[in-house]
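>
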Amino acid sequence: MRMRMDEAEEGEPLIGAKTQVKNVDEVDVLTVQESRQRNCFCLLAGILCGIAIFVAGTLWEKHSASVGSILLVSGGEKTVPPPGALQQPAASPSAGAPPAQDLQPLVPTQLSTTIPTPAFRPATTRPAVTTPGLPPLTPTKLGLFSAGDYRYPHDPSSSAFNAKAMECLRQTNPDLQRFEYPADAEEHFEELNRTMSQFTRGVKPLCGKISAGFCGPWLENYWIWEFSAIWKNRKNGTRLRDIFGPYIPIIFPFLDIFIPHFYRYPKGTLETLNQTLRPNVLYLAVSQCDDGIFGHWPDRKLVPFRQTDFPNMLVLSAGGYGHVPLPLFKQIEAPVQAAPIPERTYAVSFMGSLDHGPKGSRPTMKAMAERWGKLRNKTVRIGKGSDWKEVMTNTTLNLSPRGFGRNAYRTEELFQMGFIPVYIHEKGPWLFYRDLWTEEKIGFFSTPGGLESTLDRAFSDMQKLMDMERRIRAMRDTHFMPLGVLDQISKFMTERDGGGDLRCEPLPDSIL
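Just so we're aligned: the sequence shown equals residues 7 to 518 in the numbering used here.
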């Protein structure tokens, strides 16, 4: 403050400081007097204009009232709008949904969803003030594409009730006995998630350097918000199994808690989960983290449990450790218009780090791709640069090597943009929609060392590549966007529409 006062003494006065008038001559005084006279005339003219406008407005109001009374009369009686017809309904927040200030849109606002939020106009005819609005709440009924009023087809007493789930888990534990569906399924579900909610207070989607500045929503957030809203707003007669099939779902933000707490959970979190789960009941969880739900700490003092401690928990995993692979994505990428495949500059490309992932994996990928390009006289570009998106757009096959975990963000980015990926895996592929990969309907997958033969096979049929790219673009909403992925999860759980395209895998031998 002392420095600022000294500056004011030498320069302009501070706001509120008394100014000093020095050496005012007669010309200045006359100028001031003339200015005051002009101001008085302007003020008087303004008052007269105001009176005239007021009188005109009063006369017009009386005229409008008489016209309005005539319009409201029908058959000699006044027509009165029904109660509430001129009021905007109050929104009812969904249980389990995030606070309004933290709510994130399910899909980009410029794209429409299958269940548009009704728009209500204010009663006044004047245009509403434009203010930053909150994103719409997630859909308020079971409406993931073709879900409608679906009812789970199997009775809990029948062997078919959880046959698919048991077949899935027995790929990891062949001797697993059949689990029971609790008679109090709805109450147990709400008790479980109410108990675990004590650890979610103040939790927001993961954000920071570790996520490259992306602050969600992540797949776990979509899962929590969407299905919490569906359950909260279910129709009368809807049972838990109609939405989640034979599973008791665990609605919990594992990623948003695990990583900010240095890859572990606050004290008591997993212990409470373990105490609340019943050993003879089948549960389902969605996981984004490449460490899985429980991490890969060798010392159980830091994380006391492992996934193998919960043989009755089926995990749908985007990170690469679980029973059902899911797509891994961050931000949404817009579809890109590109030149026809035969006219693109690069046959194969990859723009990104070569140091990430398992040691030696990406350098081997680079060496194999470049050698293939020289042998086949094809243009290959492997490197880094700010023009990565332009290169990607001008490439026939984009390489997508696994990252720290088995999956890769790039694969989902390519699908959303409308391009064909070649997924490079090591320690086993993590193939969401496995059948579509193995039948080469949506892309190719290869180890680094086997890349040359994979590229030979891919480029042996250019018509197949063009058909594949068209198919990928047609499947964008149903398989590669957040709502589409949730719909696939819904189909997997409930066997709706044949059960969708997600497939079970044995639990991998290692977390990473």
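Cβ atoms here follow ideal geometry from the backbone N, Cα and C, with glycine treated the same way.
These figures come from a predicted structure and were not determined experimentally.
#1: Return the residue from the list 217, 197, 305, 280 that minimises the CA-CA distance to residue 316.
#2: Under three-state DSSP, which class holds residue 363?
#3: Per DSSP, what kind of secondary structure is residue 471 in: helix, strand or coil?
#4: Which of helix, strand or coil does DSSP assign to residue 176?
#5: So residue 449 and residue 426 are supposed to be a Cβ contact under 8 angstroms. How far apart are they, rounded?
#6: Name the two residues that bound the continuous alpha helix (DSSP H) containing residue 195.
#7: Grab me the residues of residue 311's own chain with a C-beta within less than 7 angstroms of its C-beta, minus the 5 sequence neighbours each way, in chain order.
#8: Use the C-beta contact count for residue 412: other C-beta atoms within 10 angstroms, 16 or more gives buried, fewer gives exposed.
#9: Of the residues 423, 503, 508, 195, which one's Cα is nearest the Cα of residue 253?
#10: If we ignore side chains and look at the alpha-carbon of each, how far apart do residue 458 and residue 258 end up?
#11: How do the stretch 359 to 373 and the stretch 323 to 334 stand: do at least 3 beta-carbon pairs fall below 8 angstroms, yes or no?
#12: At what residues does the beta strand (DSSP E) containing residue 481 begin and finish?
#13: If I'm right that residue 289 touches residue 517 with Cβ under 8 angstroms, what's the distance once you round it to whole angstroms?
#14: Buried or exposed: which applies to residue 478, given that a residue is buried once 16 or more other Cβ atoms fall within 10 Å of its Cβ?
#15: If you compare alpha carbons, which of 249, 197, 179, 341 is closest to residue 502?
#16: Applying the 10 Å Cβ sphere with the 16-neighbour rule, what's the burial state of residue 466?
#17: Which residues bound the alpha helix (DSSP H) around residue 500?
#18: Where do the N-terminal and C-terminal ends of the alpha helix (DSSP H) with residue 463 fall, by residue?
#19: From residue 198 to residue 237, what distance separates their C-alpha atoms?
#20: By DSSP's criteria, residue 330 is part of a beta bridge. Which residues make up the other side?
#21: Which runs of the beta strand (DSSP E), 3 residues or longer, sit entirely within the stretch 384 to 438?
#22: Give every residue of the same chain whose Cβ lies closer than 6 angstroms to the Cβ of residue 416, excluding the five residues on either side of it in the sequence, and list them in chain order.
#23: May I have the straight-line CA-CA distance separating residue 446 from residue 207, to the nearest angstrom?
#24: Express the C-alpha separation of residue 307 and residue 342 in angstroms, rounding to a whole number.
#25: Between which residues of its own chain and residue 508 is the CB-CB distance below 6 angstroms, once the five residues before and five after are set aside?
#26: In terms of alpha-carbon separation, which member of 201, 193, 228, 200 lies closest to residue 210?
#27: From residue 525 to residue 393, what distance separates their C-alpha atoms?
#28: In whole angstroms, what separates the C-alpha of residue 171 from that of residue 320?
#29: In this structure, how does DSSP classify residue 355 when only helix, strand and coil are distinguished?
#30: Please determine, among 298, 213, 221, 403, the residue with the shortest C-alpha to C-alpha distance to residue 346.
#31: For residue 325 and residue 355, which I take to be in contact (beta-carbon distance under 8 angstroms), what is that distance rounded to the nearest angstrom?
#32: Does residue 372 pass the burial test, meaning 16 or more other C-beta atoms within 10 Å, or should it be called exposed?
#33: Would you tell me roughly how many angstroms separate the C-alpha atoms of residue 272 and residue 337, rounded to the nearest one?
#34: In terms of DSSP beta bridges, what is residue 186 paired with?
#35: Secondary structure at residue 293, three-state DSSP: helix, strand or coil?
The answer reads as follows:
#1: Against the sequence shown, residue 316 aligns to sequence position 310. Of the listed residues, the one whose Cα sits closest to residue 316 is 280.
#2: Looking up residue 363 in the sequence shown gives position 357. Three-state DSSP puts residue 363 in coil, outside helix and strand.
#3: Mapped onto the sequence shown, residue 471 falls at position 465. Correct three-state label for residue 471: helix.
#4: Counted from its first residue, the sequence shown places residue 176 at position 170. Three-state DSSP puts residue 176 in coil, outside helix and strand.
#5: Within the sequence shown, the letter at position 443 stands for residue 449. Within the sequence shown, the letter at position 420 stands for residue 426. 5 angstroms between Cβ atoms; contact.
#6: As a working mapping, residue 195 is identified with position 189 in the sequence shown. Residues 191 to 202.
#7: Sequence index remark: in the sequence shown, residue 311 carries index 305 (1-based). So the list reads 276, 280, 300, once near-sequence residues are dropped.
#8: The sequence position of residue 412 within the sequence shown is 406, counting from 1. Label assigned to residue 412: buried.
#9: The sequence position of residue 253 within the sequence shown is 247, counting from 1. Among 423, 503, 508, 195, the Cα nearest to that of residue 253 is on 195.
#10: Start at 1 with the first residue of the sequence shown, and residue 458 comes out as number 452. Start at 1 with the first residue of the sequence shown, and residue 258 comes out as number 252. Looking at the two C-alpha atoms, the distance is approximately 43 angstroms.
#11: no
#12: Here residue 481 is taken as the residue at index 475 of the sequence shown, counted from 1. Here residue 481 belongs to no beta strand (DSSP E), and DSSP marks it neither H nor E.
#13: For the purposes of this step, residue 289 is taken as the residue at position 283 of the sequence shown. For the purposes of this step, residue 517 is taken as the residue at position 511 of the sequence shown. So it is not a contact: roughly 19 angstroms between Cβ atoms.
#14: Position 472 of the sequence shown, counted from the first residue, corresponds to residue 478. Buried, since its Cβ has 16 or more Cβ neighbours within 10 Å.
#15: Start at 1 with the first residue of the sequence shown, and residue 502 comes out as number 496. Residue 249 is the option with its Cα nearest to residue 502.
#16: Against the sequence shown, residue 466 aligns to sequence position 460. By the 10 Å Cβ count, residue 466 comes out exposed.
#17: Your numbering for residue 500 matches position 494 in the sequence shown. Here the alpha helix (DSSP H) through residue 500 covers 488 to 500.
#18: Counted from its first residue, the sequence shown places residue 463 at position 457. Its alpha helix (DSSP H) spans residues 457 to 465.
#19: Within the sequence shown, residue 198 is the residue found at index 192, counting from 1. Within the sequence shown, residue 237 is the residue found at index 231, counting from 1. Roughly 14 angstroms between the two C-alpha positions.
#20: What you label residue 330 is simply residue 324 of the sequence shown in a count that begins at 1. Answer is 322, bridged to residue 330.
#21: 386 to 389, 401 to 407, 426 to 430
#22: If you number the sequence shown from 1, residue 416 lands on position 410. Closer than 6 angstroms at Cβ, skipping near neighbours: 406.
#23: Here the question's residue 446 lines up with position 440 in the sequence shown. Here the question's residue 207 lines up with position 201 in the sequence shown. About 44 angstroms.
#24: Start at 1 with the first residue of the sequence shown, and residue 342 comes out as number 336. Start at 1 with the first residue of the sequence shown, and residue 307 comes out as number 301. Cα to Cα, the separation comes out at about 48 angstroms.
#25: Locating residue 508 in the sequence shown gives position 502, where the first residue counts as 1. Cβ within range, chain order: 330, 494, 498.
#26: Within the sequence shown, the letter at position 204 stands for residue 210. Nearest of 201, 193, 228, 200 to residue 210, Cα basis: 228.
#27: Absent from the structure is residue 525, since the part of the chain shown begins at 7 and ends at 518.
#28: Numbered from 1 along the sequence shown, position 165 holds the residue referred to as residue 171. Numbered from 1 along the sequence shown, position 314 holds the residue referred to as residue 320. Residue 171 and residue 320: Cα-Cα distance of roughly 8 angstroms.
#29: For the purposes of this step, residue 355 is taken as the residue at position 349 of the sequence shown. Residue 355 falls in the strand class under three-state DSSP.
#30: Translated into positions along the sequence shown, residue 346 becomes position 340. Taking only the C-alpha atoms, the option nearest residue 346 is 403.
#31: Numbered from 1 along the sequence shown, position 319 holds the residue referred to as residue 325. Numbered from 1 along the sequence shown, position 349 holds the residue referred to as residue 355. At roughly 26 angstroms, the Cβ-Cβ gap does not stay under 8 angstroms, so residue 325 and residue 355 are not in contact.
#32: One-based indexing of the sequence shown puts residue 372 at position 366. Its Cβ being crowded by 16 or more others within 10 Å, residue 372 is buried.
#33: Start at 1 with the first residue of the sequence shown, and residue 272 comes out as number 266. Start at 1 with the first residue of the sequence shown, and residue 337 comes out as number 331. The straight-line gap from Cα to Cα measures roughly 28 angstroms.
#34: The residue you call residue 186 lines up with position 180 of the sequence shown. The partner list for residue 186 (beta bridge, DSSP) reads 287.
#35: In the sequence shown, the residue the question calls residue 293 occupies position 287. Residue 293 falls in the strand class under three-state DSSP.
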